[in-house]
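A.B. asks: Structure incoming, see below.
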Amino acid sequence: MKNKPELLAPAGDLERLEIALLYGADAVYVGGPAFGLRANAINFTFDELKEGSAFAHKLNKRVYVTVNIVLHNEELEQIEEYLHKIEATGIDAIIISDPAIIPIAQANTNLELHLSTQQSTLNYETVRFFKEQGIKRIVLARECSYEDIKLIKEKVDIDLEVFIHGAMCAGYSGRCALSNFLTDRDANRGGCSQICRWDFILMDDNNRPIIGDKDFTLCSKDLSLLSYIPELIDMDISSFKIEGRMRSLYYIATVVSIYRKVIDEYFSDSKHYVYNEEYERILRNCANRDSVPQFFNNDYGVNCSYYNGRVEISNQDFLGIILDCNNGIATIEQRNYFKRGDIVEIFGPNHEVVTYKIDKIEDENGDLIDIVRHPRQIVKIPINEPLEKYDMMRIKKLTN
Amino acid sequence: MCQILFSPADWEQLHSCHNVDAYIVGIDLLSVNFFAMTLDEVITLINKTDKDIYIALNKNMSNNDLPLLEGTLKTLNKYQIKGIFYADVSLIPITKRLHINIPLIWANEHLTTNYGTMNYWHKFKVKGTFISNDITLIEIMDILKKYKGFKIVQVFGYLPMYVSKRHAIKNYLTYFNLQTKSHQFKLFKEDKYYPIIDNDIGTIILSSNVLCDLMGFCKLKQNDLDIALINGYGFSADIINKVLTIFNSVNDNNAEKLQSQLISTISNIDSGFWYRKTIYKVKKNEK
Chain A
4 MKNKPELLAP
14 AGDLERLEIA
24 LLYGADAVYV
34 GGPAFGLRAN
44 AINFTFDELK
54 EGSAFAHKLN
64 KRVYVTVNIV
74 LHNEELEQIE
84 EYLHKIEATG
94 IDAIIISDPA
104 IIPIAQANTN
114 LELHLSTQQS
124 TLNYETVRFF
134 KEQGIKRIVL
144 ARECSYEDIK
154 LIKEKVDIDL
164 EVFIHGAMCA
174 GYSGRCALSN
184 FLTDRDANRG
194 GCSQICRWDF
204 ILMDDNNRPI
214 IGDKDFTLCS
224 KDLSLLSYIP
234 ELIDMDISSF
244 KIEGRMRSLY
254 YIATVVSIYR
264 KVIDEYFSDS
274 KHYVYNEEYE
284 RILRNCANRD
294 SVPQFFNNDY
304 GVNCSYYNGR
314 VEISNQDFLG
324 IILDCNNGIA
334 TIEQRNYFKR
344 GDIVEIFGPN
354 HEVVTYKIDK
364 IEDENGDLID
374 IVRHPRQIVK
384 IPINEPLEKY
394 DMMRIKKLTN
Chain B
101 MCQILFSPAD
111 WEQLHSCHNV
121 DAYIVGIDLL
131 SVNFFAMTLD
141 EVITLINKTD
151 KDIYIALNKN
161 MSNNDLPLLE
171 GTLKTLNKYQ
181 IKGIFYADVS
191 LIPITKRLHI
201 NIPLIWANEH
211 LTTNYGTMNY
221 WHKFKVKGTF
231 ISNDITLIEI
241 MDILKKYKGF
251 KIVQVFGYLP
261 MYVSKRHAIK
271 NYLTYFNLQT
281 KSHQFKLFKE
291 DKYYPIIDND
301 IGTIILSSNV
311 LCDLMGFCKL
321 KQNDLDIALI
331 NGYGFSADII
341 NKVLTIFNSV
351 NDNNAEKLQS
361 QLISTISNID
371 SGFWYRKTIY
381 KVKKNEK
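Protein sequence lines correspond, in order, to chains A and B. What the first sequence shows, in our numbering, is residues 4 to 403, in sequence order. What the second sequence shows, in our numbering, is residues 101 to 387, in sequence order.
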């Protein structure tokens, strides 16, 4: 049997870091105060990095910080001091994109270095080169196929990290400056304005529009390698990465818990492993775009295109988060409208899914109510199940 | 002395635009953003011309591309080639292992943004850099001072914005069952047209405007720019010949007048990012 892969989740803030780790991630990646590719996310302060890393280490888990922008001259001059401060927080590794950071980090810190997918690494020669420069792990380009990854792993003994789930760039990472040109926001320094999801009109050589039922877009569907987890484990891939530092708590909890189950199920008994379509249904319900294997199975043609422009399905499944459960009363913080009579599912990291019909709801004053309509409203529901803080309640879908 | 490196858009430009120091061309299946031809055609060009030749082998290389890349490098190594533009790091170990003596030029168009990374690659025998088109003139001039290798900057033409492995036009036509006999396409958005090309490599998109700022070019020359690249894409050979004449004769005294002449010929000229700084922190509550 191969080594058990790390399940690596995104975390946009401390709360999501805790959720990701509690729901089964072995490690999280987060943005620090600067130099990360999600400049419009909340990101972590140095103190929060320290706190998050202490939380993770108590659980024997790891925290990686993205330092993956493409540097300009002015940032180059600030990077050494920044790396010192990052190292002092106790995090486990940094994910870099710009090779200029390699000698600076090596000369001034003991930080473990991972190479970002922003380098678009697609072949074993490049992987071997960066290994020789002291890179501990390579995050492969999302354009890699199964055959590409397998050959790279066979040719070079190094930790490989592969994206298994989430949104995709339409272009090669690092080679898209649409955001720069159309909105003055630098994609390679964390300002990407996702022009690939805009609608355009395609024109021919006589400036006549070529118009389908929907406008032209570069947008692609999301990635899901749920059905290929056994192949990836058999290839001895070190880390399975979930995209989405700006995703919600519910999304993180759902996606992490599903992949946790699949990895554990296959790893514990690969001979009798059976693909569970229910997991696929749950992932589909919590996503806001269709997902496909993309380049992994070389089917990146028309089936990967997404012609809904910026229209995305707003997910209403997530009803609330459990804050507390004592003496058969669950305290819940509302996240979407629900009401008495709804049939719900409650899931968490430490128990099977509980299905329950809501018979009674009390507000914070103890008054009985029928509908929970206010954002983040705190309510109490009697439920005779051993629920825990951070369990999540979603609507039970009777059909797909 | 700043040399003029011309990137022709097609055979016609290659055959009729001679007021240059060097040409750069690509090779089928190994190049993006440059006019690509077969290896045999490249060899014929090398043998026929008295100009310097640069070759772009600058696509993102998968494992499957490596045998073709190695074979091409071995063949090119027998000829007088001034430099190879590359984007994929694999060219560094491969050229070392194969003892290829053609200088490498780092040309990953949006990553070549600081002198530190350029000097990092210089330690691995990368002799020059094609500097990014989305940084300011001040940043470029700082690089000219602090980078040890030779420096190339695009000074005229449409700018590369996007490279993808996906076939965006083919997918759109297929999905909506659309027919067209067109071989050239543009994307239209907010009164601007962006050239888009879907070929064997995937999809590339170019800027809506044409970079041309002769005053800025003069400053770069005064700050020891080694090579100025002129991209012929989207223009007739006649216009490119006028452009080449102007770039060969421009100086501080006539730059403004010549700039006006060019604007009267090419309406969508601008100065790219030379005086325009990109932003990347967009939230008010940033830490």
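Using N, Cα and C, we set each Cβ at its ideal position, and we do this for glycine too.
1) Give me the Cβ distance between Y380(B) and R263(A), rounded to the nearest whole Å; I'm assuming they're in contact under 8 Å.
2) Inspect the beta-carbon positions of L322(A) and R211(A) and report whether they are closer than 8 Å.
3) Are the CB atoms of K265(B) and E246(A) within a distance shorter than 8 Å?
4) Could you run through the stretch 248-274 of chain B and flag, in chain order, every residue whose CB is less than 9 Å away from some CB of chain A?
5) So with Cβ pairs under 8 Å, would you call K387(B) a contact of chain A?
6) Would you tell me roughly how many angstroms separate the C-alpha atoms of N351(B) and E51(A), rounded to the nearest one?
7) Once you ignore the five residues that flank I261(A) on each side, which residues in its own chain have a CB closer than 7 Å to its CB?
8) Jot down the residue ranges of each uninterrupted beta strand (DSSP E) in the stretch 39-88 of chain A, minimum 3 residues, whole runs only, in chain order.
9) Note down, in chain order, every chain B residue with its Cβ under 7 Å from the Cβ of L226(A).
10) Short of 8 Å in beta carbon distance, which residues of its chain neighbour N341(B), apart from the five on each side in sequence? Order them along the chain.
11) Pull up the CB-CB distance for F256(B) and L311(B), whole angstroms please, since I reckon it's below 8 Å.
12) Would you say V258(A) and C289(A) are within 8 Å of each other, going by their C-beta atoms?
13) Buried or exposed: where does G169(A) fall if 16 or more other Cβ atoms within 10 Å of its Cβ makes it buried?
14) Which class does T358(A) belong to by DSSP, given the choice of helix, strand or coil?
15) Interface residues of chain B around T112(A) at Cβ under 8 Å?
16) Express the C-alpha separation of G183(B) and I235(B) in angstroms, rounding to a whole number.
17) Pairs of beta-carbons, one from the stretch 360-379 of chain B and one from the stretch 310-325 of chain B, closer than 8 Å: are there three or more?
18) So with Cβ pairs under 8 Å, would you call T92(A) a contact of chain B?
19) Going along chain A in order, which residues have a C-beta closer than 7 Å to the C-beta of K174(B)?
20) Could you list which residues in chain A have their beta carbon closer than 9 Å to that of I243(B), in chain order?
21) Considering just the uninterrupted stretch of the alpha helix (DSSP H) at T175(B), what are its terminal residues?
22) Put F373(B) into one of helix, strand or coil per three-state DSSP.
23) Using C-beta distances below 6 Å, list every residue in its chain close to Q380(A), excluding the 5 sequence neighbours before and after it, in chain order.
24) Would you please verify whether the beta carbon of P102(A) is less than 8 Å from any beta carbon of chain B?
25) So if DSSP puts H267(B) in a beta bridge, which residue, or which two residues, is it bridged to?
26) Quick check on H115(B): does DSSP put it in helix, strand or coil?
27) Mind checking who S308(A) pairs with in its DSSP beta bridge?
28) Does the beta carbon of L130(B) sit closer than 8 Å to a beta carbon anywhere in chain A?
29) Listed in chain order, which residues of the stretch 152-179 of chain B have Cβ atoms closer than 7 Å to some Cβ of chain A?
30) Cβ closer than 7 Å: which chain B residues qualify as neighbours of T404(A)?
31) Do you know how far the Cα of G39(A) is from the Cα of K387(B)?
32) For I200(B) versus L173(B), is the C-beta distance shorter than 8 Å?
33) Please state the DSSP three-state secondary structure of W221(B).
34) Sorted by chain position, which residues of the same chain lie with C-beta nearer than 8 Å to I266(A)'s C-beta, five sequence neighbours on each side aside?
35) Using a Cβ cut-off of 7 Å, pull out every chain A residue sitting near G316(B), in sequence order please.
36) Contact criterion: CB-CB distance below 8 Å. Does G34(A) meet it with respect to chain B?
C.D. replies: From the atom records:
1) That belief does not hold up - the Cβ atoms of Y380(B) and R263(A) are roughly 34 Å apart, past 8 Å.
2) no
3) no
4) L259, P260, M261, Y262, V263, S264, K265, R266, H267, A268, I269, K270, N271, Y272, L273, T274
5) Interpretation of K387(B) is limited by its pLDDT of 38, a score under 50 that renders its predicted location unreliable; the figure taken from the coordinates is listed afterwards. Closer than 8 Å to some Cβ of chain A, the Cβ of K387(B) qualifies, so yes.
6) 55 Å
7) Y282, I285, L286
8) 65-70
9) Ordered by position in chain B, no residue passes the 7 Å Cβ test against L226(A), which lies about 13 Å from the chain.
10) S116, C117, N119, listed in sequence order.
11) 6 Å
12) yes
13) buried
14) The answer is strand: DSSP assigns T358(A) an E or B state.
15) Chain B residues near T112(A): none, gap ~16 Å exceeds 8 Å.
16) 23 Å
17) yes
18) no
19) Chain A residues near K174(B): none, gap ~15 Å exceeds 7 Å.
20) N76
21) Boundaries of the alpha helix (DSSP H) harbouring T175(B): 166-176, taken from the DSSP string.
22) coil
23) Q337
24) Chain B contact via Cβ: present.
25) Partner(s): none; H267(B) has no beta bridge.
26) helix
27) S223(A), per the DSSP bridge assignment.
28) Nearest CB-CB separation between L130(B) and chain A: not below the 8 Å threshold.
29) N160, M161, S162, N163, L166
30) For chain A, the structure presents residues 4 to 403; residue 404(A) sits outside this window and is missing.
31) Below a pLDDT of 50, predicted positions are generally treated as unreliable, and K387(B), at 38, falls in that range; no measurement from the model is reported.
32) yes
33) W221(B): helix per DSSP, three-state reduction.
34) K7, P8, L10, I232, I236, F243
35) Within chain A, no residue comes near G316(B); the closest Cβ sits about 18 Å away, beyond 7 Å.
36) Contacts with chain B at 8 Å (Cβ-Cβ) do not include G34(A).
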